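One structure is given below, encoded as structure tokens.
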Amino acid sequence: MKISLVQLRLLAAIAETGGVGAAARRMRLTQSGASQSIATLEKILGAELITRTSGGAALTAFGRSVLADARAALSAVDRIETQARSREADMPRRLRVAAIPSQMEHMLPGWRKAFLRLYPDVDFSAFEGGHDDVGQWVRDGIADLGITSLPLPELEAAEAGREELVVVGRRDDPLIQRWKIAPEDLAARRMISSCGCEAVIEQILSANGENTDEGVRTHDVPTALEMVRNGVGMTMLSEISLPGADMRDLRALRLDPPTFRTVYVVSRPDSPVRPLIGCFRELVCGAA
3 MKISLVQLRL LAAIAETGGV GAAARRMRLT QSGASQSIAT LEKILGAELI
53 TRTSGGAALT AFGRSVLADA RAALSAVDRI ETQARSREAD MPRRLRVAAI
103 PSQMEHMLPG WRKAFLRLYP DVDFSAFEGG HDDVGQWVRD GIADLGITSL
153 PLPELEAAEA GREELVVVGR RDDPLIQRWK IAPEDLAARR MISSCGCEAV
203 IEQILSANGE NTDEGVRTHD VPTALEMVRN GVGMTMLSEI SLPGADMRDL
253 RALRLDPPTF RTVYVVSRPD SPVRPLIGCF RELVCGAA
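Each residue of the sequence shown is one higher than the one before, counting from 3 in the working numbering.
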């Protein structure tokens, strides 16, 4: 048998009221029920806690010796309940996350699962978009936070990790048959960007020589790969996007030197759900 909170509260009430009957009335118990509860507690502890007096009841020496610990336990429980009520009142109930496709598919599911283990009552929703889309959605309040490589200057940004970039081309392309490929080697090539990656590709190429082709934009990785397969151009993707992709007649090659894009968790500084954003950011960026 285990000690219950009712038994501890009853012991404290007897000490304060000087009688089992008065303590029972305070706790809205029957006197017989209160007496039985104290008797059970004495049986659990193997010692008498109260003694009957002409005026009611008083604690024994042992009862007085455990009273302080009983009150401390009750105070701790009261604090826990107060914290729970405060959290219930203050914690937002919804978190909307926007993410670029590579993060949406490969990273967000694990983060979502870990987050909901900590906050099971939160309604967690996710929107997939390109790098520009994610930043704009967060800025406009459509999403509460975003995961992107292009944080807008007006948003708060915390680094969540890095993705290595690879170039994908046709297997019969002489450039892709090399052992290594440098960003400047792509300057004269038509680049196909997917899911709003054009700004990321442009940043890399502009840092290593001006790209002479305007490029092609697509909405998803499969379309970009199909265009590459049909000779439209080459594409640059995050390496984590390759598993499961249709790479028939295609080859992926790492850049030399290795080239990465940084992924950020972005949010508005005035977001009404900052407590949840902080919890998610700590979970994601703390593991980066």
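Backbone N, C-alpha and C define an ideal beta-carbon position, used for all residues, glycine too. Predicted model, so just to flag it, every value in this text is computed and none were measured.
Query	Result
Nearest by alpha-carbon distance to L207: which of P153, R263 and P176 is it?	R263
Grouping DSSP H, G and I as helix and E and B as strand, with all else coil, what is L147?	strand
For A60, which residues does DSSP report across the bridge?	T53
For L154 and W139, what's the separation of their Cα atoms in angstroms?	11 angstroms
When the Cβ atoms of the region 72–79 are set against those of the region 41–49, are three or more pairs found closer than 8 angstroms?	no
What residue does the beta strand (DSSP E) around A25 start on, and which one ends it?	Looking at the DSSP string, A25 is not in any beta strand (DSSP E); the run it does join, the alpha helix (DSSP H), is V22 to R28.
I believe F129 touches L97 by the beta-carbon criterion, under 8 angstroms. Please report the beta-carbon distance rounded to the nearest angstrom.	Not a contact, Cβ separation roughly 12 angstroms.
Within the same chain, show all residues whose beta-carbon is closer than 6 angstroms to that of R191, passing over the 5 residues directly before and after it, in chain order.	M236
Start and end of the alpha helix (DSSP H) containing V136?	H133 to R141
What would DSSP say about L252, mapped onto helix, strand or coil?	strand
Does any C-beta atom of chain C lie closer than 8 angstroms to the C-beta of R270?	The structure shown has no chain C; it contains just one protein chain.
Tell me which residues share the same chain as L285 and place their Cβ nearer than 8 angstroms to its Cβ, disregarding the 5 neighbours each side in the sequence.	W113, A116, F117 and L120
For R283, is the classification buried or exposed, using 16 other Cβ atoms within 10 angstroms of its Cβ as the cut-off for buried?	buried
Leaving aside the five residues before and after P271 along the sequence, list all residues of the same chain whose C-beta is less than 7 angstroms from its C-beta, in chain order.	E158
Going straight from the alpha carbon of D222 to that of V136, what length do you get?	15 angstroms
Just curious, the alpha helix (DSSP H) that E18 is in, first and last residue?	L7 to T19
Reducing DSSP to helix, strand and coil, say where R164 ends up.	strand
Using 8 angstroms as the cut-off, can you tell me whether the region 219–234 makes contact with the region 142–150, which would need three or more C-beta pairs spanning the two stretches below that distance?	no
Taking DSSP's pairing of strands, which residues face D174 in a bridge?	Paired residue(s): none; D174 is not in a bridge.
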